[in-house]
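Residue numbers (the numbering used here): 2 to 777.
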């Protein structure tokens with residue numbers, strides 16, 4: 002056992018018999034100085050990989066100390082024998098001293114010579130590939146098996162880890178087994194690499210050959226006066242330099258080949274050029290960066306639109322999910338099932354179309370609007386086949402080309418106005434576009450290549466959800482916009498509509514001022530609507546009249562609730578529930594139309610004549626059935642409810658729902674019809690502050706209905722203060738704006754008897770109906 006200084010090797014491994022240079026740094030210099038100070042110039046060269054010393058090193062002698070050609074100090078050391086590293090011991094100088102015991106190697110076994118012959122043949126094969134003939138001669142002259150195995154320390158194809166393993170191998174046989182396996186792996190890798198290089202070389206030679214032949218062909222055509230069609234070479238260059246997906250590039254190059262073979266007289270050349278222009282104009286690899294600031298996105302949405310919290314929350318959820326995926330390096334959302342398709346349904350004028358542009362600004366994306374109203378041709382969506390004259394890509398492809406990116410916000414406006422024609426059903430063509438599970442491979446008939454629409458945010462707008470085909474609606478996430486409250490309308494008019502109309506009229510805020518009380522009166526008495534279109538028209542009318550007034554008198558104009566009649570005339574909508582329900586037989590109902598919620602009055606009267614029921618007001622089949630159910634219920638239960646049993650029997654009953662020119666249908670007027678008929682039979686008028694909605698059954702149950710929010714907004718606009726809805730619709734009240742909820746007293750009832758007891762005015766005589774009623 003010897004005590005030697007340790008020379009750490011970080012970028013080399015020293016095996017017995019090897020001679021290597023070692024660059025001297027403070028650590029290695031200390032070891033070299035310590036070895037030279039002992040006089041025998043011996044040290045222990047130990048590989049140090051990843052900061053850890055190996056358990057076996059090589060006893061080495063210092064052959065020479067000097068400088069490399071680059072000027073760095075270095076020492077040349079020769080490996081002598083393997084040694085196992087013991088414990089550290091103190092020693093002179095700054096070097097690390099350890100106890101080292103030389104490893105005695107056993108004599109080679111019989112198998113070792115067979116491995117040596119195989120290894121010698123493999124090494125010779127590798128060296129022949131490299132042309133190292135002198136090294137081959139040196140290997141052939143080696144007779145000592147240990148020397149042959151340790152000569153692998155010079156091999157550049159072995160890693161430091163492999164060489165370290167070779168140093169620690171216990172005997173020659175183990176080392177030769179390792180080397181045979183490693184050299185075989187290296188030869189296999191070399192074979193694969195050579196095959197790849199050969200294929201690349203052949204492909205390069207083929208490309209060069211094609212280029213040369215094309216140049217010669219162009220020269221021959223030029224000499225013959227048969228030049229290639231203009232632009233074919235330019236198209237090839239444009240396709241090869243464009244950043245196209247691989248499948249699209251292959252399709253484009255096939256078309257370029259057809260163009261080069263086509264003559265000028267062929268009409269196909271024009272079709273191919275148009276197709277290539279379309280493909281090259283598509284933004285295949287262009288994407289805009291999404292805005293990652295949720296607060297800023299919320300601010301943009303709030304600044305552009307008042308209310309509409311459901312839509313804003315959904316957009317912010319979409320943005321938050323993308324941000325979180327980006328933060329966690331999960332990649333950009335894309336591919337199957339990742340698209341976002343929202344359907345914005347609501348009455349006209351609530352801001353569905355303008356919301357699309359606001360969403361695009363909030364996300365930092367480009368915006369494209371595609372109007373679908375009145376489209377009857379399936380090719381408008383999916384494109385025409387290229388065989389047709391004047392073929393064009395569909396609206397979706399043109400929208401992406403117009404946007405200049407593959408992730409814009411695309412607004413599909415009026416999706417409920419699509420209609421099937423002789424050329425197919427465009428709504429059916431939209432099924433693939435708006436299906437997040439399919440639209441990552443959308444195929445346009447004109448392009449005939451896969452188009453990834455999964456990163457497009459589709460917003461579809463509709464007025465009537467029932468007009469959207471069921472399969473198409475199932476592919477979209479429905480968000481309902483039910484209209485604005487009066488306070489929201491005033492805020493929209495003050496912040497958006499009034500400044501815009503003032504600017505269009507050429508006026509300034511110093512010249513005209515509209516008081517908020519006037520805005521509230523316009524919204525409540527002049528324009529009773531779900532949206533704000535009529536409100537904006539009323540403001541435009543005021544601005545025009547102010548412009549005329551300022552022509553004669555330059556004094557600033559102030560419009561308030563008192564002088565509003567001067568600009569808009571008398572109010573068009575005044576509370577009429579008290580007047581209409583002053584006589585028995587009239588009840589106030591709530592309905593939903595294409596323009597939002599509305600109030601309707603149901604009138605009933607009786608007369609001498611053939612017993613039966615007459616229905617007028619353009620009622621649909623469901624509404625007619627509701628009237629018959631109401632009459633049957635009262636005839637069967639009239640005595641229990643305290644009604645005159647002869648009031649509805651043996652007389653002709655006429656039930657009318659104005660306005661008579663407007664078609665109406667649906668079951669939600671059931672309890673209103675019961676109340677109107679009960680009022681007629683009892684002579685007790687309906688309380689004027691009440692509105693009601695709900696389906697009725699023959700047993701007197703009140704069943705749930707839809708459109709509760711829109712109906713209650715309409716009741717609030719009409720000045721009603723108390724509303725009856727089915728008990729099972731109570732959860733829908735959570736969607737109601739706070740100011741409307743506070744202004745209305747909502748009763749949730751489950752039995753028609755309770756409705757009658759609450760809605761009819763008290764009779765002078767005692768009544769049999771004494772339910773326990775509490776408002777919701």
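For each residue, glycine too, the CB sits at the ideal point set by N, CA and C.
Please read these numbers as outputs of a predicted model, since none were measured by experiment.
Proximal residues to residue 771 (C-beta, below 6 Å), its chain only, five neighbours per side dropped: Here residue 771 scores only 37 on pLDDT, less than 50, and its place in the model is too uncertain to base an answer on.
Spell out a yes or no on whether the stretch 441 to 451 and the stretch 402 to 414 are touching, meaning 3 or more CB-CB pairs, one atom from each, closer than 8 Å. no
DSSP on residue 8, reduced to helix/strand/coil? strand
Burial state of residue 622 (16 or more Cβ within 10 Å): Result: exposed.
So what does DSSP say about residue 315, is it helix, strand or coil? helix
Inter-residue Cα distance where the pair is residue 13 and residue 183: 18 Å
Selected residue, minimal CA-CA separation from residue 91, among 552, 7 and 116: Comparing C-alpha distances from residue 91 to each of 552, 7 and 116 shows the shortest one belongs to 7.
Throw me the rounded Cβ distance for the residue 476 and residue 435 pair, which I believe falls under 8 Å. Indeed, because the Cβ distance is near 5 Å, the residues count as touching under 8 Å.
With DSSP collapsed to three states, give me the class of residue 74. strand
Closest to residue 159 by C-alpha separation, out of 187, 173 and 209, would be which residue? 187
Checking 7 Å against the spacing of the C-beta atoms, do residue 364 and residue 291 come in under that value? yes
Do residue 733 and residue 753 have their C-beta atoms within less than 7 Å of each other? Note that the C-beta distance between residue 733 and residue 753 is not below 7 Å.
Buried or exposed, going by whether 16 or more other CB atoms sit within 10 Å of the CB of residue 592? It is buried - the Cβ of residue 592 has at least 16 other Cβ atoms within 10 Å.
What do you get for residue 209, buried or exposed, if any count of 16 or more other CB atoms within 10 angstroms of its CB means buried? With fewer than 16 other Cβ atoms within 10 Å, it is exposed.
Determine the extent of the alpha helix (DSSP H) in which residue 497 is found, giving its start and end residues. Premise fails: residue 497 is in no alpha helix (DSSP H) and is neither H nor E.
Please name the residue, chosen from 16, 461 and 69, that lies closest to residue 83 on a Cα-to-Cα basis. Residue nearest to residue 83 within the set 16, 461 and 69 is 16 (criterion: CA-CA distance).
Considering only the alpha carbon of each residue, which of 104, 511 and 130 lies closest to residue 194? 130
I need the straight-line Cα distance from residue 455 to residue 275, nearest angstrom please. 26 Å
Can you tell me which of the three DSSP states residue 372 falls into? strand
Residues that residue 21 bridges to, as DSSP identifies them: Bridge partners of residue 21: 78.
How many Å lie between residue 762 and residue 692 at the Cα? 14 Å
Is it buried or exposed, residue 637, if we count other Cβ atoms within 10 angstroms and call 16 or more buried? exposed
Tell me which residues share the same chain as residue 583 and place their Cβ nearer than 8 Å to its Cβ, disregarding the 5 neighbours each side in the sequence. Closer than 8 Å at the Cβ level, and outside the excluded window around residue 583, lie 686 and 689.
Specify whether the stretch 390 to 403 and the stretch 345 to 358 touch according to this definition: at least 3 beta carbon pairs, one from each stretch, less than 8 Å apart. no
Where residue 616 falls: helix, strand or coil (DSSP): Strand.
Report yes if the C-beta distance between residue 460 and residue 343 is below 7 Å; otherwise report no. yes
At least 3 beta-carbon pairs within less than 8 Å: the stretch 487 to 507 vs the stretch 463 to 476: Between the stretch 487 to 507 and the stretch 463 to 476 there are fewer than three inter-stretch CB-CB distances shorter than 8 Å, so the stretches are not counted as touching.
Kindly identify the DSSP beta-bridge partner or partners of residue 68. 74
Any heavy atom of the ligand ADP closer than 6 Å to the beta-carbon of residue 267? For the structure depicted, the ligand ADP is absent and the ligand set is empty, with no information on it obtainable.
Is the number of C-beta pairs between the stretch 596 to 615 and the stretch 708 to 727 that are closer than 8 Å three or more? Flag = yes, the stretch 596 to 615 and the stretch 708 to 727 touch.
Residues bridged to residue 607 by DSSP? 654
Neighbourhood of residue 4 by C-beta distance below 8 Å, restricted to the same chain and skipping five residues each side: These residues qualify, in order along the chain: 90, 92, 98, 99, 100 and 101.
Residue interval of the alpha helix (DSSP H) (run including residue 364): 353 to 364
Using a Cβ-Cβ cutoff of less than 7 Å, which residues in the same chain neighbour residue 381 once the five nearest sequence positions on both sides are dropped? Correct list, in chain order: 395, 396 and 427.
Measuring straight from C-alpha to C-alpha, what distance separates residue 74 and residue 22? C-alpha separation (whole angstroms): 10 Å.
Segment contact, 8 Å Cβ cut-off, at least three pairs: the stretch 612 to 627 with the stretch 650 to 662: yes
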